[in-house]
Amino acid sequence: MLDEAKQYQCFALEIEFSQSRVYVAAVYASTAYLVRRTLWADVTRLQALFVGPWLFVGDFNAVLGAHEKRGKTLPPKISCDDFLQWTIANQLSHLNTIGVHFTWSNGRVGDNFVALCLDRAICNHAWLNQWQSIYCYALYKHSSDHHPLVISHSASDFHHAMPFRFFKVWTAHSDCERLVKEVWEKQVFGNPMACLQLKLKRLKGVLRVWNKNVFGNVDSNVQLAVDEVMRIQSMIDSNGITDEVQQMDCQAKLILSKALLDQDQFCWKLMTSSDQWAVMCRALFLRHGKPASSLFHSSIWHGIKLHFTDVLSNSRWLIGKGDTISFWKDNWLGSSLVGLLNIPLHIHKSLTASVADMIVEGSWIIPSCIAELDTDVVECIHAVVTPKIPLQDRLGKMPTDVNLIQRGCTMVTVCVLCMADSETTPHLFLQCSFAVELWNWLGGMFLIQFNRIDVNAIFQSCNPGWCAQVKDMA
Numbered sequence: 001m002l003d004e005a006k007q008y009q010c011f012a013l014e015i016e017f018s019q020s021r022v023y024v025a026a027v028y029a030s031t032a033y034l035v036r037r038t039l040w041a042d043v044t045r046l047q048a049l050f051v052g053p054w055l056f057v058g059d060f061n062a063v064l065g066a067h068e069k070r071g072k073t074l075p076p077k078i079s080c081d082d083f084l085q086w087t088i089a090n091q092l093s094h095l096n097t098i099g100v101h102f103t104w105s106n107g108r109v110g111d112n113f114v115a116l117c118l119d120r121a122i123c124n125h126a127w128l129n130q131w132q133s134i135y136c137y138a139l140y141k142h143s144s145d146h147h148p149l150v151i152s153h154s155a156s157d158f159h160h161a162m163p164f165r166f167f168k169v170w171t172a173h174s175d176c177e178r179l180v181k182e183v184w185e186k187q188v189f190g191n192p193m194a195c196l197q198l199k200l201k202r203l204k205g206v207l208r209v210w211n212k213n214v215f216g217n218v219d220s221n222v223q224l225a226v227d228e229v230m231r232i233q234s235m236i237d238s239n240g241i242t243d244e245v246q247q248m249d250c251q252a253k254l255i256l257s258k259a260l261l262d263q264d265q266f267c268w269k270l271m272t273s274s275d276q277w278a279v280m281c282r283a284l285f286l287r288h289g290k291p292a293s294s295l296f297h298s299s300i301w302h303g304i305k306l307h308f309t310d311v312l313s314n315s316r317w318l319i320g321k322g323d324t325i326s327f328w329k330d331n332w333l334g335s336s337l338v339g340l341l342n343i344p345l346h347i348h349k350s351l352t353a354s355v356a357d358m359i360v361e362g363s364w365i366i367p368s369c370i371a372e373l374d375t376d377v378v379e380c381i382h383a384v385v386t387p388k389i390p391l392q393d394r395l396g397k398m399p400t401d402v403n404l405i406q407r408g409c410t411m412v413t414v415c416v417l418c419m420a421d422s423e424t425t426p427h428l429f430l431q432c433s434f435a436v437e438l439w440n441w442l443g444g445m446f447l448i449q450f451n452r453i454d455v456n457a458i459f460q461s462c463n464p465g466w467c468a469q470v471k472d473m474a
């Protein structure tokens, strides 16, 4: 790890690969060219100390020349010369970036627009000899002003056509029988074998559409949104940015954000929902709560499998009442207890207790076997706050004018926001013209029509769009 003025610029790793050693360095260079000079010197010494294949990848905060910048000013010549000299002195090669040329932009328009090729992958000849084909891809940028990079040692655009498969679990869905019966009863003409073939062909197409509609084609929506973001960002990379293009870029990113959120929610529902489709998916694709290693011919599973793993590893249950959370198998402690205690798989089916079963009168009742296996786990459990009795609604106790009068204060009551009515709690939060505008604005942001009869009605207005986890907390 290279450090200058307490600012880390590079993190280097030695990796054993195929009975040989390679070196990978993640770079986040300083924006000051004088500080970057220490980086160039330090990585040069590293290459001399550790001889072998080297790959440098990251944000170098430097360009080789004017051809790697778009804007009204030229890049600093001194900075460009330093970067170029380091490259030549160490006999390094800059990999061509596939996707976009300018990997960073400031997001402004007109004369203030600046785009630079700051992020890249650089390697030496030994690295190129290690892999005959090496590629650097710039992915779409979403929440950052930088395009993330992916390094690949092979590339293929060939996709095998997916054959049609009828899944046995479809028969458990209440709508499957109706669909098959509806298609089968449609009249066809010809000899018996020709009629059978035509009906099967029709049924196959209908079942494909039905499968996507029932399970939600969330992966396809994400891919379409990603393609649109990449198309617009490539347009900016080639032709610069205008107010219209910037608006298109913002709109495309919003659509992508919604598609990614839908994907997260789909994976969460697949893990937790009691709906038929979720139960079917868990039975087919999961083994002991984790993605099965078997190969499935599915139109949706291949798209969400990797994303499902990310959601599973980065999700954690909030206890709430604790009656729907498995004490042993769900991740409510940071990791599942079966994982922390290395409990064998064949025992998992017998572990059916919920978190609520282990709480009596607000205190944890921890099985003695856990204390015998790992005392640290016991301490972690005790550190988790147990569910409490819901707090009473205290809105009625707020010091509004009417409440103060009821407590004995002598005063004239009037709402200071609208000056049109008495200052009561329902008026202040639900009926005042200012509150009405605020609820309408918030509803427009989240596409919700709030029912302002009372506070509970407002929560019920939101409820249909909430995931199961938030509903349980509310």
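So for the sequence shown, full-length UniProt numbering puts the first residue at 1; every next one is plus one.
Backbone N, C-alpha and C fix where the C-beta goes; we use that ideal spot for every residue, glycine too.
These numbers were taken from a predicted model, which means no experiment stands behind them.
Shown here, Y137 sits in a strand according to DSSP, grouped into three states. Rounded to the nearest angstrom, the gap between the Cα atoms of L95 and C123 is 8 Å. Exclusion of the five residues before and after V188 leaves C195, L198 and K199 as the residues of its chain whose Cβ lies within less than 7 Å of its Cβ.
According to the DSSP assignment, I458 belongs to the alpha helix (DSSP H) that extends over V455 to C462.
Just so you know, the alpha carbons of W268 and E177 end up roughly 28 Å apart. When rounded, the separation of the alpha-carbon atoms in L118 and C136 is 14 Å. Rounded to whole angstroms, V245 and R108 show a C-alpha spacing of 11 Å.
For a cut-off of 8 Å, the C-beta gap from A138 to G99 is around 4 Å, short enough to register as a contact. Rounded to the nearest angstrom, the gap between the Cα atoms of V206 and D454 is 46 Å. In this chain, V180 is not harboured by any beta strand (DSSP E); it is covered by the alpha helix (DSSP H) spanning S174 to W184. Counting only runs of 3 or more residues that sit fully inside the segment 37–84, the beta strand (DSSP E) segments are 54–59, in chain order. Residue state for E437 is assigned as helix, using DSSP reduced to three classes.
Residue burial annotation: G58 is buried, with at least 16 other C-beta atoms found within 10 angstroms of its C-beta.
If you draw a straight line from the Cα of G362 to the Cα of N456, it comes to about 27 Å. Residue burial annotation: L34 is exposed, with fewer than 16 other C-beta atoms found within 10 angstroms of its C-beta. Beta-bridge partners assigned by DSSP to W104: L116 and H146. The DSSP-derived three-state label of H382 is helix.
Collapsing the DSSP output to three states places S257 in a helix. Rounded to the nearest whole angstrom, the CA to CA distance from L74 to G240 is 16 Å. Per DSSP, L373 is one residue of the alpha helix (DSSP H) stretching across S368 to L373. Per DSSP, V338 is one residue of the alpha helix (DSSP H) stretching across L337 to L340.
Contact between the segment 125–132 and the segment 140–151 is absent, with fewer than three C-beta pairs closer than 8 Å.
Taking C-alpha positions only, D249 is separated from V229 by approximately 7 Å. With respect to the C-alpha of Q233, the residue from S20, S105, A259 and K204 having the closest C-alpha is S105. Taking a contact to require three or more Cβ pairs closer than 8 Å, the segment 366–384 and the segment 405–421 do not qualify as touching. Beyond the five residues adjoining it in sequence on each side, P291 comes within less than 7 Å, by CB distance, of F285, K305, F308 and T309 in the same chain, given in chain order. Taken atom to atom, the span from the alpha-carbon of W184 to that of S461 is near 42 Å.
Counting of Cβ neighbours within 10 angstroms places R21 among the exposed residues, the total staying below 16. H346 sits in a helix when the DSSP states are folded into three classes. Residue pairing by DSSP places E16 opposite R21 in a beta bridge. Collapsing the DSSP output to three states places F11 in a strand. When DSSP reads this structure, T97 sits in a beta bridge with C136. Rounded to the nearest whole angstrom, the C-alpha separation of L428 and F446 is 22 Å.
Inter-residue distance for F50 and S335 is about 38 Å (C-alpha atoms, whole angstroms).
One thing to note: N61 has its Cβ no nearer than 7 Å to the Cβ of A26.
Each residue's CA atom was taken as its position, placing V279 and V222 some 24 Å apart.
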